[in-house]
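Taking it in order: structure first as structure tokens, then the write-up.
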Amino acid sequence: MTVLDNLLDELLASRVTIVDLTAPLSDRTPIIQLPPPFANTQGFSLQEISRYDERGPAWYWNNISAGEHVGTHFDAPVHWVTGQDGLDVSQIPTQHLIAPVVVVDKSAECVQDPNFLLQIADLEAWQQKHGPLPDGGWLLYRTGWDSHADDQAAFLNADETGPHTPGVSVECARWLAEQAPIIGMGVETVGTDAGTAHSFDPPFPCHAFLLGAGKYGLTQLANLAKLPPTGAILVVAPLPIVGGSGSPARVLALVAG
Ligand code: 23J
Ligand code: MN
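First residue of the sequence shown? That's 21 in this note's numbering, and the numbers climb one at a time after it.
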């Protein structure tokens, strides 16, 4: 029996399940809001071409429009100035799109403090309990923020000082980029950086350090509560937009049990 026969058997018997980590894409999907003078992304929308009518009697289809960074999406290294000589989204090696995944759960802390920042010490404590971060794999950071994903205002959680959503400290972002063996980090929020990260030094450190190191980002993930801390496999499927800085992505996890 080959490993693929084994996998199919396990899938058919539901001993391996497929968890969808993707947020639905619609004109209600939250989008990031950068402050002036910065330009902002378009949201997702459908424009109907025909729907079993005189424009096309037997078929229904739409044009779509969206920014590259809408909903559950992939950040390629070239998205950030620090990664400008790196890969675009069409160039990501396929072995990076199916890889081991671990989950760090800080959802309890983030209920108490929406500005919670993940620290190096949190990851050291996690590794004491669960072993090393996966070489060539993904770190997903659970904050519970997906519970706000049906409400743009709650999801961005902005006041007159700007957005307040959980993220990663500057030192921890540098450590993930330079010391950790992971290829990328995924989050439940609208971007990989904290809502307040515009005021960090450097600004947006997850983007600056991880993408600058040739690593990747994944945003607005859902259903992280359904994943074990270790042992799952992540399947990430961004569109191969030639020259693209990122893409909406279908993200699935294979989970044993
Ligand atoms: C552009 C500028 C700042 C940020 C972002 C995009 C994202 O979060 C993104 O989607 O990559 S923070
Ligand atoms: Mn992005």
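Here a beta-carbon is modelled for each residue, glycine too, at the ideal position from N, C-alpha and C.
Rounded to the nearest angstrom, what separates residue i and residue j at their Cα positions?
i    : j    : result
I261 : N83  : 16 Å
L247 : T37  : 10 Å
D29  : M21  : 10 Å
L176 : D25  : 44 Å
V121 : E198 : 18 Å
A145 : R71  : 55 Å
L196 : L107 : 19 Å
S110 : L117 : 12 Å
L137 : T250 : 22 Å
From what residue to what residue does the alpha helix (DSSP H) around residue i run?
i    : result
E144 : 140 to 150
A174 : 172 to 176
Q132 : 127 to 132
E30  : 23 to 32
Considering only C-alpha positions, which residue in the set the options is nearest to residue i?
i    : options                : result
D133 : G164, T61, V123        : G164
D221 : I51, Q147, R194, P249  : R194
P154 : D171, D142, V190, A200 : A200
P50  : G234, S265, G211       : G211
W81  : R75, E68, H168, C192   : E68
I203 : D213, L231, G182       : L231
P97  : R75, G277, M205        : M205
H89  : A269, G277, L138, R162 : A269
P258 : S267, A252, V207       : S267
C226 : A178, D95, G87, D142   : D95
E208 : A245, P77, A33, H218   : A245
Starting from residue i and walking both ways along the beta strand (DSSP E), at which residues does that stretch end?
i    : result
T37  : 36 to 40
P280 : Residue 280 falls outside the range modelled here, since the chain spans only 21 to 277, and no answer is possible.
Q67  : 65 to 73
Q. Which full runs of the alpha helix (DSSP H) of 4+ residues lie inside the stretch 182 to 259, going along the chain?
A. 190 to 198
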